[in-house]
Amino acid sequence: ARRLIKGGGGRLNDAKIDDENTAIGSGDLKDGVIKLSAGKKRHALVRAV
Numbered sequence: 073a074r075r076l077i078k079g080g081g082g083r084l085n086d087a088k089i090d091d092e093n094t095a096i097g098s099g100d101l102k103d104g105v106i107k108l109s110a111g112k113k114r115h116a117l118v119r120a121v
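For what it's worth, the numbering used here labels the leading residue of the sequence shown as 73, then goes sequentially.
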């Protein structure tokens, strides 16, 4: 994951992650879902329970 973020391929809710120590919090939730992306083709929706 660190290599991906340093290379500019990590995204959280379609926003580029610049720091590998970025914490995901409740402010990142949109309708209870967080979108994580790794590169152009790998995407995942994470639902908070």
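Glycine included, every Cβ here is placed at the ideal spot set by N, Cα and C.
Open item on the list: In this structure, how does DSSP classify residue 113 when only helix, strand and coil are distinguished?
Closed with: Secondary structure at residue 113: coil, using DSSP grouped into helix, strand and coil.
TODO: Grab me the residues of residue 83's own chain with a C-beta within less than 7 Å of its C-beta, minus the 5 sequence neighbours each way, in chain order.
DONE: Within the same chain, residue 83 has close Cβ partners 89, 109.
- [ ] Compute the Euclidean distance between the alpha carbons of residue 107 and residue 119, then round it to the nearest angstrom.
- [x] Distance from the CA of residue 107 to the CA of residue 119, rounded to the nearest whole angstrom, comes to 9 Å.
Task: As assigned by DSSP and simplified to three states, the class of residue 101 - done: Residue 101 falls in the coil class under three-state DSSP.
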